[in-house]
Amino acid sequence: MEIIDRALAFEQRRHTFKTTSERIESSREVKDLILSLNAVYKENKDPEIMDLMKRLTVIKQKIEKRLKGRP
Numbered sequence: 030m031e032i033i034d035r036a037l038a039f040e041q042r043r044h045t046f047k048t049t050s051e052r053i054e055s056s057r058e059v060k061d062l063i064l065s066l067n068a069v070y071k072e073n074k075d076p077e078i079m080d081l082m083k084r085l086t087v088i089k090q091k092i093e094k095r096l097k098g099r100p
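Quick note: the sequence shown uses our numbering, first residue 30, plus one each step.
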C-alpha cells in the first residue's frame with residue numbers, strides 16, 4: 030500500500046517549518062493523505078488505518094493552529 034507508506038513517511042518527518050508556504054504545503058499534503066487513507070479504510074475497515082488517520086489529524090491540527098496564529 031503506497032498510501033500507507035507515504036503517510037508513515039510523513040509522520041516520521043520533522044515538522045519544523047520555517048516559512049508559511051512550507052506550512053501550507055504540508056497541511057495540504059497531510060489533508061490529501063488523510064482523505065486517501067479514508068477511502069482505503071472504507072473498503073478494509075482496518076483499525077490500524079484509523080489509528081494512522083487519527084495521528085495524522087493531530088499533526089494537521091498543530092500545523093493549522095500555527096498557520097492561524099494567536100489572537
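C-beta: ideal position from N, C-alpha, C; glycine also.
Sorting G98, A36, K97 by C-alpha distance to the C-alpha of L66 places A36 at the top.
In this structure, the alpha-carbon of R84 lies about 13 Å from that of P76. Counting along the chain, the unbroken alpha helix (DSSP H) around D34 starts and ends at 31-41. In this structure, L96 sits near S56, with a CB-CB distance shorter than 8 Å. When the alpha-carbon of I33 is set against those of N73, R99, E93, K91, the nearest one is in N73.
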